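J.: My numbering numbers the first residue of the sequence shown as 225 and each following residue consecutively. Take this structure first; my questions come after.
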Amino acid sequence: MRTLFVTGGAGFIGSAFVRLVLDELPSCEVTNFDALTYAGNPDNLTGLDASRHHFVRGDIADREAVRAAMAENTDAIINFAAESHVDRSITSADEFLRTNVVGTQVLLDAARERKVRRFVQVSTDEVMGSLPEDGNAYFTENSPYEPNSPYAASKAAAEHLVRAAHHTFSLDTVTTRCGNNYGPRQFPEKLIPLVISNALHDETVPVYGDGRNVRDWIYVEDHCRAILHALEKGQSGAIYNIGARNECRNIEVVEAILNKLGKPLSLIRYVKDRLGHDRRYAIDPAKTEAELGWLPLETWESGLRKTIDWYKENSEWIARTRSGAYREFYARQYGTEVGAD
Ligand code: NAD
Ligand code: DAU
Numbered sequence: 225m226r227t228l229f230v231t232g233g234a235g236f237i238g239s240a241f242v243r244l245v246l247d248e249l250p251s252c253e254v255t256n257f258d259a260l261t262y263a264g265n266p267d268n269l270t271g272l273d274a275s276r277h278h279f280v281r282g283d284i285a286d287r288e289a290v291r292a293a294m295a296e297n298t299d300a301i302i303n304f305a306a307e308s309h310v311d312r313s314i315t316s317a318d319e320f321l322r323t324n325v326v327g328t329q330v331l332l333d334a335a336r337e338r339k340v341r342r343f344v345q346v347s348t349d350e351v352m353g354s355l356p357e358d359g360n361a362y363f364t365e366n367s368p369y370e371p372n373s374p375y376a377a378s379k380a381a382a383e384h385l386v387r388a389a390h391h392t393f394s395l396d397t398v399t400t401r402c403g404n405n406y407g408p409r410q411f412p413e414k415l416i417p418l419v420i421s422n423a424l425h426d427e428t429v430p431v432y433g434d435g436r437n438v439r440d441w442i443y444v445e446d447h448c449r450a451i452l453h454a455l456e457k458g459q460s461g462a463i464y465n466i467g468a469r470n471e472c473r474n475i476e477v478v479e480a481i482l483n484k485l486g487k488p489l490s491l492i493r494y495v496k497d498r499l500g501h502d503r504r505y506a507i508d509p510a511k512t513e514a515e516l517g518w519l520p521l522e523t524w525e526s527g528l529r530k531t532i533d534w535y536k537e538n539s540e541w542i543a544r545t546r547s548g549a550y551r552e553f554y555a556r557q558y559g560t561e562v563g564a565d
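Structure follows, in structure tokens:
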């Protein structure tokens with residue numbers, strides 16, 4: 225059995241990745257190491273094959289906890305664990321530095337110590353800053369680092385640490401940079417699940433600024449498939465930009481969701497803009513497509529339909545996530561209160 229050490233696997237993308245690995249790689253088992261912050265949700269892990277999925281609650285910035293949880297024969301580390309929300313990083317950057325920067329270095333040290341074969345850092349297009357609106361410029365793997373939010377800066381710092389571990393210690397690393405993910409099990413602080421859950425409750429939908437900021441959207445499973453390709457086929461030390469060539473203005477996203485839900489556009493409420501709000505993200509995924517032989521399977525239409533259907537069918541998930549009642553679930557499931565150990 226091949227053992228993967230997945231961090232942040234109770235979050236939105238990490239849990240989709242764990243599901244994909246367990247479904248598609250029968251000879252793999254997963255140690256899922258997650259601190260269960262507000263964004264980590266044991267509900268995201270229901271129905272997984274318990275013989276190949278081992279959940280350990282722990283903090284990636286805690287060296288001893290990482291050592292204790294990581295099996296001697298760990299084949300690869302895939303690091304999803306992070307503070308991931310830009311708005312929270314604007315309020316306070318402390319946790320972003322601790323988890324995203326210190327935590328990544330702790331994992332890199334553990335990878336060397338345990339002679340782990342490969343380290344995959346799940347990063348973001350936001351490390352490359354913001355593009356002009358004219359539509360002719362794209363992020364490539366050679367774009368300069370220009371992080372604009374504390375979140376983006378912490379992820380850029382993590383990328384530098386990964387690069388340094390590769391250069392200095394010959395650690396086998398791969399860094400993936402993706403754009404905005406959407407799909408099932410995303411915490412409703414992010415635009416798409418926020419719009420869906422508010423609209424389902426007939427609540428107003430907040431749109432920042434003029435609503436014309438552009439994001440490059442990708443269905444979460446397509447992102448996870450690309451990470452799997454990078455793990456298996458990526459060149460050591462390389463960066464891969466992942467995107468589905470799907471740029472949309474925020475207002476178009478919001479209107480599409482309201483229309484599909486049959487809700488009135490009068491629910492839209494323009495609110496104060498995010499500080500330092502990046503105008504446009506757009507990824508050129510040509511290198512990933514060519515080198516890794518990867519292409520997205522979902523279109524914007526099919527991905528958004530699946531996403532909306534999932535939230536409609538999982539109103540309990542939304543209710544628990546919104547109320548924080550998933551903590552009660554945790555106590556029932558693991559026999560201990562969140563924060564007790
Ligand atoms: P998320 O916020 O949904 O999940 C993060 C997970 O990490 C949670 O389960 C949380 O409990 C865990 N975590 C946080 N701090 C931890 C710590 N100190 N130790 C252990 N676990 C900890 O995030 P997501 O949207 O699933 O993003 C996952 C990764 O992908 C992040 O690294 C993020 O930067 C990156 N990314 C996200 C997107 C996106 O659109 N969401 C796009 C590109 C890259
Ligand atoms: O590009 C990749 C990044 O995408 C990831 O690295 C981040 O982890 C992820 O959170 C996401 O960052 P964004 O800031 O782009 O995502 P968010 O869903 O917060 O916002 C998407 C756009 O919608 C952005 O332009 C801000 C806007 N927005 C967001 C919220 C929450 C609104 O207009 N209203 C809102 O209420």
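Note that the Cβ used here is the ideal one computed from N, Cα and C, for glycine as well. Quantities reported herein were computed from a predicted structural model and do not represent experimental measurements.
Run through DSSP, which three-state label would threonine 531 get?
T.: Here residue 531 is taken as the residue at index 307 of the sequence shown, counted from 1. Three-state result, threonine 531: helix.
J.: Per DSSP, what kind of secondary structure is arginine 546 in: helix, strand or coil?
T.: Here residue 546 is taken as the residue at index 322 of the sequence shown, counted from 1. Correct three-state label for arginine 546: helix.
J.: Using CA coordinates, which residue listed in Glu522, Arg409, Met352 and Pro356 is at the minimum distance from threonine 400?
T.: Against the sequence shown, residue 400 aligns to sequence position 176. The shortest CA-to-CA distance from threonine 400 to any of Glu522, Arg409, Met352 and Pro356 is the one to Met352.
J.: Using 8 Å as the cut-off, can you tell me whether the stretch 504-524 makes contact with the stretch 374-382, which would need three or more C-beta pairs spanning the two stretches below that distance?
T.: no
J.: Valine 290 to glutamate 319, Cα distance in whole Å?
T.: Residue numbering aside, residue 290 sits at position 66 when the sequence shown is read from its first letter. Residue numbering aside, residue 319 sits at position 95 when the sequence shown is read from its first letter. Cα-Cα distance, rounded: 18 Å.
J.: How would you write the range of the alpha helix (DSSP H) that leucine 452 sits in, first residue to last?
T.: On the sequence shown, position 228 is the one that residue 452 refers to. DSSP places leucine 452 inside the alpha helix (DSSP H), whose first and last residues are 444-457.
J.: Indicate, with yes or no, if the ligand NAD has a heavy atom lying under 6 Å from the CB of isoleucine 420.
T.: In the sequence shown, counting from the first residue as 1, residue 420 sits at position 196. Outside the cutoff, so no.
J.: For glycine 461, which option in Thr392, Arg439, Glu357 and His501 has the closest C-alpha, if you only look at C-alpha atoms?
T.: The residue labelled residue 461 in the question sits at position 237 within the sequence shown. The shortest Cα separation from glycine 461 among Thr392, Arg439, Glu357 and His501 belongs to Thr392.
J.: DSSP three-state call for tyrosine 554: helix, strand or coil?
T.: As a working mapping, residue 554 is identified with position 330 in the sequence shown. Residue placement at tyrosine 554 is poorly supported in this model, since its pLDDT is 35, which falls under 50; the coordinates still yield a value, given next. Residue state, collapsed to three classes: helix.
J.: What are the boundary residues of the beta strand (DSSP E) that threonine 231 is part of?
T.: What you label residue 231 is simply residue 7 of the sequence shown in a count that begins at 1. Unbroken beta strand (DSSP E) run through threonine 231: 226-231.
J.: Mind checking who serine 308 pairs with in its DSSP beta bridge?
T.: In the sequence shown, the residue the question calls residue 308 occupies position 84. The partner list for serine 308 (beta bridge, DSSP) is empty, contrary to what the question assumes.
J.: From valine 254 to alanine 317, what does the alpha carbon distance come to, in whole angstroms?
T.: Counted from its first residue, the sequence shown places residue 254 at position 30. Counted from its first residue, the sequence shown places residue 317 at position 93. Rounded to whole angstroms, valine 254 to alanine 317 spans 30 Å at the Cα level.
J.: Between which two residues does the beta strand (DSSP E) containing arginine 493 stretch?
T.: Looking up residue 493 in the sequence shown gives position 269. Element bounds for arginine 493: 492-495.
J.: When every heavy atom of the ligand NAD is checked, does at least one fall within less than 6 Å of the C-beta of leucine 244?
T.: By one-based count along the sequence shown, residue 244 stands at place 20. No; taking the cut-off as 6 Å, the Cβ of leucine 244 has no heavy atom of the ligand NAD nearer than that.
J.: Excluding sequence positions up to five away, which residues of its chain have a Cβ less than 7 Å from the Cβ of tryptophan 524?
T.: As a first step, residue 524 must be located in the sequence shown, where it is residue number 300. Closer than 7 Å at Cβ, skipping near neighbours: Trp441 and Asn470.
J.: Kindly list the residues whose CB is nearer than 6 Å to the CB of alanine 381, restricted to its own chain and excluding five residues on each side of it in sequence; keep chain order.
T.: For the purposes of this step, residue 381 is taken as residue 157 along the sequence shown, with counting starting at 1. The answer, listed in chain order, is Val325.
J.: Any residue with its C-beta under 6 Å from a non-hydrogen atom of the ligand DAU counts. Can you list them all in chain order?
T.: Ser308, His309, Val310, Thr348, Asp349, Glu350, Gly403, Asn404, Lys414, Leu415, Leu418, Pro430, Val431, Tyr432, Asn437, Arg439, Asn474, Arg498 and Tyr505
J.: Can we count leucine 260 as close to the ligand NAD, meaning its CB is less than 6 Å from some heavy atom?
T.: On the sequence shown, residue 260 is found 36 positions in, with the first residue counted as 1. Yes, the ligand NAD has a heavy atom inside 6 Å of this Cβ.
J.: Quick check on the DSSP output: the beta strand (DSSP E) that includes alanine 300 runs from which residue to which?
T.: To locate residue 300, count along the sequence shown from 1; it is residue 76. Per DSSP, alanine 300 belongs to the beta strand (DSSP E) from 298-303.
J.: Under the assumption that tyrosine 474 contacts asparagine 437 (Cβ atoms under 8 Å), give the Cβ distance between them as a whole number of angstroms.
T.: Here residue 474 corresponds to residue number 250 of the sequence shown, with the count starting at 1. Here residue 437 corresponds to residue number 213 of the sequence shown, with the count starting at 1. In the sequence on display, residue 474 carries asparagine and not tyrosine. That pair is a contact at about 5 Å.
J.: Quick check on this structure: which residue in Asp258, Ile542 and Leu244 has the alpha carbon closest to the alpha carbon of proline 417?
T.: Here the question's residue 417 lines up with position 193 in the sequence shown. Ranking Asp258, Ile542 and Leu244 by Cα distance to proline 417 puts Ile542 first.
J.: I'd like to check one pair, isoleucine 302 with valine 330: are the Cβ atoms closer than 7 Å?
T.: The sequence position of residue 330 within the sequence shown is 106, counting from 1. The sequence position of residue 302 within the sequence shown is 78, counting from 1. Against a cut-off of 7 Å, the Cβ pair of isoleucine 302 and valine 330 comes out as no contact.
J.: Using a Cβ-Cβ cutoff of less than 8 Å, which residues in the same chain neighbour aspartate 566 once the five nearest sequence positions on both sides are dropped?
T.: In the structure as shown, the chain begins at 225 and stops at 565. Residue 566 is therefore absent and cannot be evaluated.
J.: Closer than 6 Å: is that where the CB of phenylalanine 363 sits relative to any heavy atom of the ligand NAD?
T.: In the sequence shown, the residue the question calls residue 363 occupies position 139. Result no, Cβ not under 6 Å from the ligand NAD.
J.: State yes or no: is the C-beta of phenylalanine 229 nearer than 6 Å to some heavy atom of the ligand NAD?
T.: Looking up residue 229 in the sequence shown gives position 5. The answer is no for phenylalanine 229.
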